[in-house]
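Just below is one structure, and these are the notes that go with it.
Number of protein chains: 2
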Amino acid sequence: MDNLKLEDIAKLAGVSRSTVSRVVNGSTNVGVETRKRVEKIIQRTGYHPNMAARSLVSQRTNIIGLVIPKTTQAFFTDPYFPQLTQGVAFACNDLHLTLALFLVGNEEDEAEITPRIIRRGMLDGILVQTSAKMEGLFKRLLSSSMPYLALGRPNDEDVVNYIDVDNIRGAKQATRHLLVLGYKRIGMIIGSIESAAATDRTEGFKQAMAGAGRKVDPVLVAEGDFSEVSGYEAMKKILPFNPDAVFAQSDIMALGAMRAVQEAGLNVPRDIALVGYDDLPLASGSSTKLTTIRQPITHFGIKAVEMLKDMIDNGTKVANRMILGTELVVRDTCGSSLKNPVSVQKSDEDESALRSLEITGGMTDQ
Amino acid sequence: MDNLKLEDIAKLAGVSRSTVSRVVNGSTNVGVETRKRVEKIIQRTGYHPNMAARSLVSQRTNIIGLVIPKTTQAFFTDPYFPQLTQGVAFACNDLHLTLALFLVGNEEDEAEITPRIIRRGMLDGILVQTSAKMEGLFKRLLSSSMPYLALGRPNDEDVVNYIDVDNIRGAKQATRHLLVLGYKRIGMIIGSIESAAATDRTEGFKQAMAGAGRKVDPVLVAEGDFSEVSGYEAMKKILPFNPDAVFAQSDIMALGAMRAVQEAGLNVPRDIALVGYDDLPLASGSSTKLTTIRQPITHFGIKAVEMLKDMIDNGTKVANRMILGTELVVRDTCGSSLKNPVSVQKSDEDESALRSLEITGGMTDQ
DNA sequence: GGAATTAATGAGAGCGCTCCCATAACTTTT
DNA sequence: AAAAGTTATGGGAGCGCTCTCATTAATTCC
Chain B
0 MDNLKLEDIA
10 KLAGVSRSTV
20 SRVVNGSTNV
30 GVETRKRVEK
40 IIQRTGYHPN
50 MAARSLVSQR
60 TNIIGLVIPK
70 TTQAFFTDPY
80 FPQLTQGVAF
90 ACNDLHLTLA
100 LFLVGNEEDE
110 AEITPRIIRR
120 GMLDGILVQT
130 SAKMEGLFKR
140 LLSSSMPYLA
150 LGRPNDEDVV
160 NYIDVDNIRG
170 AKQATRHLLV
180 LGYKRIGMII
190 GSIESAAATD
200 RTEGFKQAMA
210 GAGRKVDPVL
220 VAEGDFSEVS
230 GYEAMKKILP
240 FNPDAVFAQS
250 DIMALGAMRA
260 VQEAGLNVPR
270 DIALVGYDDL
280 PLASGSSTKL
290 TTIRQPITHF
300 GIKAVEMLKD
310 MIDNGTKVAN
320 RMILGTELVV
330 RDTCGSSLKN
340 PVSVQKSDED
350 ESALRSLEIT
360 GGMTDQ
Chain H
0 MDNLKLEDIA
10 KLAGVSRSTV
20 SRVVNGSTNV
30 GVETRKRVEK
40 IIQRTGYHPN
50 MAARSLVSQR
60 TNIIGLVIPK
70 TTQAFFTDPY
80 FPQLTQGVAF
90 ACNDLHLTLA
100 LFLVGNEEDE
110 AEITPRIIRR
120 GMLDGILVQT
130 SAKMEGLFKR
140 LLSSSMPYLA
150 LGRPNDEDVV
160 NYIDVDNIRG
170 AKQATRHLLV
180 LGYKRIGMII
190 GSIESAAATD
200 RTEGFKQAMA
210 GAGRKVDPVL
220 VAEGDFSEVS
230 GYEAMKKILP
240 FNPDAVFAQS
250 DIMALGAMRA
260 VQEAGLNVPR
270 DIALVGYDDL
280 PLASGSSTKL
290 TTIRQPITHF
300 GIKAVEMLKD
310 MIDNGTKVAN
320 RMILGTELVV
330 RDTCGSSLKN
340 PVSVQKSDED
350 ESALRSLEIT
360 GGMTDQ
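Order-wise, the sequence lines are chains B and H. Those letters in the first sequence? Residues 0 to 365, by numbering that gives the first Met the number 0. Those letters in the second sequence? Residues 0 to 365, by numbering that gives the first Met the number 0.
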């Protein structure tokens, strides 16, 4: 019951290969009687068209790739990527796409995987998590005709198609919240200087501070790498300089920072207020109620697939960009009542939470 | 530079299609001179063979599927699956395989995905996370010629190919550890009665208790669903009956349980000892040092791919099974010094930690 | 030195499908 | 009633590759 081909069904139904093909693909030009007969036989035999053959002629596989560079063992410890992957996978289900997942651990992996990705007849398009390690892939992608979309703003200007979250605005929201609550010595734990997301969040922090006429004290700023431990260590560096509030560029780091605060015998938020970034499930987990900036991670994955699919179907040659909004989620780690309420100038754009802004156009022909 | 085919390269090199094919596939019967010439042209033009065409004739895609049923939103909150996925992805890189990931959320997804999986010419073989929801898929798989491997022992006896961790022995190790330390009122938090893993761990617990001549007190046993919250709630149910030690069937539930203990103003391990299961990174995370049973999750994924690859290459028609060992990891949550050391009969098999046991044979031709 | 062996190459069929075009059987139009 | 259109179906080419088999050239054998 397994190695049937179109021709076998045709013979069984007493029609031609073409007619069976029409039935399988839902073409209208088939007689009612014939269609029924053919469908019954397909049903009975459990026939399924062969993907490879179909792909060969249609030049489509309905498979899209998702490439995630995985620097350390700890990569999958951060729930961000699983959640993103989930969003992408769901969108693929909805759009009848198959998802090929590429986890790039080291340079060998990249060398091994890159040709497989570029090779025609395998992938219809590709989603690449932005990272310094992926520059080689992007170069190859740019000189090929493969539709691609970068997940997160790339450093390379040539990589024109990307989707990102408005990190500057998100960081502004976080910082303004601390400013409004009247905190005086506001610190920050940076994600990782190499990441564009961290750069943008740092920028947003600075803008918000400057907008309130405040200086950023360098001793209150430390760098981590988005991991729990790095948040813990960064907080330990900052702690001696008496911050009264800290903006951590990820929830995981915020959790690490909280641990450092508690170990120092201090209390969150009484002694030090904390804002995170991501709004991962664990931020609202029953033991912690972290004030944070919500990123629509799953939604991000879904939008990415939709954009890519659109590029595949319509062969768009213009630059495709999409920037997703963020939302401040107020919980328990910043002090529920205001200490010294202060009015801070708010730009009206801050009202629209989770707004998504699409820019499409310009820059033809890569 | 993109739509080159074998024939174009052949023309450029002044040889036949066949010769280029031989060069590409590393056949020996090609003249040294010719080979060099062809290779240079391939290099220069950036030619890559078309996968679909190759698959069509070779009946191989070098793509394997990984199917994970995802019951709740919280599925990817549990780091178990990301870690497993990672192991599978790495093994795929090593074996030059492409990984197609299928996340099955609901029944619609299953209906949508199943035919795509079964369809020939798409996947060479498939890894399916065992789950009650997947029984439909397994049925289809059994009546097809697609090589498959279940991840975890399936309830269905017909599903003969699987890889699993020795859950009974793991649970025994955990329980014996508590018995040796002299705990008297030992409780358990069950994962989820539907899961075979939980059933086996429960069985192991019972066997260890019986082996030490101890009764299992039903009031000290509660059921969760492998989530943090469920561990917390289960512990709250058990707490009134004064347990002095609890075996939680997952690290995540152990963490929830620990939270419940602390909220009740009690201390781990002074008042209540705790053993987890999994040895996820967070079990040894800097704030908690959980005594637990180590499952080789990543290794599990790697072995699974290797087994499947073997089945694909050698078309094995016999039942393939592999059971991986577990290891007790002693940390801080069971009391470092013995309270009332007790000697418990240990079977000698317990010495070999992380031993892997392979059983292959029997049951031909499904 | 002619037959047999080996190495290097080319020609052709075919993997299972889609898509274009031809044909045949009806309708509709003028 | 003949021309034109419409609908249902079949035939054939071709997608880009691999693989078997035939062919030729170079080598070895007795």
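Using N, Cα and C, we set each Cβ at its ideal position, and we do this for glycine too. Please read all numbers here as calculations on a predicted model, not as lab measurements.
Report the CB separation of residue i from residue j in whole angstroms; it is logged as a contact under 8 angstroms.
i: B/E109; j: B/K138; result: About 12 angstroms separates the two Cβ atoms, so there is no contact after all.
i: B/G86; j: B/F299; result: 6 angstroms
i: H/I62; j: H/T97; result: 5 angstroms
i: B/D278; j: B/V328; result: 6 angstroms
i: H/G169; j: H/R213; result: The Cβ separation is near 19 angstroms, so there is no contact.
i: H/L94; j: H/K69; result: Actually they are not in contact, since the Cβ atoms of H/L94 and H/K69 sit about 26 angstroms apart, beyond 8 angstroms.
Report the three-state DSSP secondary structure of residue i (helix, strand or coil).
i: H/Y161; result: strand
i: B/T71; result: Because B/T71 sits at a pLDDT of 49, beneath the cut-off of 50, its placement in the model cannot be relied upon, and the point is left open.
i: B/I40; result: helix
i: B/M321; result: strand
i: B/I311; result: helix
i: B/F225; result: coil
i: B/I192; result: coil
i: H/R293; result: strand
i: B/I63; result: strand
i: H/E156; result: coil
i: H/I271; result: coil
i: B/Y182; result: coil
i: H/T287; result: coil
i: H/Y231; result: helix
i: B/T97; result: strand
i: B/G30; result: coil
i: H/D277; result: strand
Going by other Cβ atoms of all chains shown within 10 Å of its Cβ, with 16 needed for buried, is residue i buried or exposed?
i: B/R115; result: buried
i: H/D157; result: exposed
i: H/D249; result: For clarity, residue 249 of chain H is Ser in the given sequence; the question names Asp instead. The residue in question, H/S249, is buried, as its Cβ has 16 or more Cβ neighbours within 10 Å.
i: H/Q42; result: exposed
i: H/Q261; result: exposed
i: H/V14; result: buried
i: H/E232; result: buried
i: H/S226; result: buried
i: H/I67; result: buried
i: H/N28; result: exposed
i: B/Q58; result: exposed
i: H/V31; result: exposed
i: H/N313; result: exposed
i: B/G230; result: buried
So, at 7 angstroms on beta carbons, what are the nonlocal neighbours of residue i in its own chain, with the 5 sequence-adjacent residues on each side left out?
i: B/N241; result: R184
i: B/R152; result: T129, Y161, D163 and A195
i: B/S144; result: none
i: H/S336; result: Residue confidence is low: H/S336 scores 48 on pLDDT, short of 50, so the model does not pin down where it sits. No coordinate-derived value is stated.
i: H/K171; result: G203, Q206 and A207
i: H/L83; result: I296, F299 and G300
Give the range of the beta strand (DSSP E) segment to which residue i is assigned.
i: B/F375; result: Residue coverage of chain B in this structure runs from 0 to 365, which leaves residue 375 of chain B outside it and unanswerable.
i: B/G187; result: Just to set this straight, residue 187 of chain B is Met in the shown sequence, not Gly. Here the beta strand (DSSP E) through B/M187 covers I185 to I189.
i: H/T129; result: No beta strand (DSSP E) holds H/T129; DSSP gives it neither H nor E.
i: H/A149; result: Y147 to L150
i: B/T18; result: It is not in any beta strand (DSSP E) - B/T18 instead sits in the alpha helix (DSSP H) that spans R16 to V23.
i: B/V260; result: Where B/V260 is concerned, there is no enclosing beta strand (DSSP E), although the alpha helix (DSSP H) it sits in stretches over D250 to E262.
For residue i, which residues in the same chain have their Cβ closer than 6 angstroms to its Cβ, ignoring the five residues on either side in sequence?
i: B/A12; result: R36, V37 and I40
i: B/M187; result: F204, V220 and F246
i: B/L100; result: L65
i: B/E6; result: R16
i: B/E111; result: none
Leaving out five residues before and five after residue i in sequence, what residues of the same chain have Cβ atoms less than 8 angstroms from its Cβ?
i: B/L148; result: G124, I125, L126, V127, N160, Y161, I162, A303, M306, L307, M310 and N319
i: B/I117; result: R139, L140, S143 and M145
i: H/M252; result: I188, G190, G223, F225, S226, E227, S229, G230, A233 and G275
Which stretch, first to last residue, makes up the alpha helix (DSSP H) that contains residue i?
i: H/F137; result: E134 to L141
i: H/F80; result: Y79 to D93
i: B/L327; result: Per DSSP, B/L327 belongs to no alpha helix (DSSP H); it is in the beta strand (DSSP E), E326 to V328.
i: B/R115; result: E106 to I117
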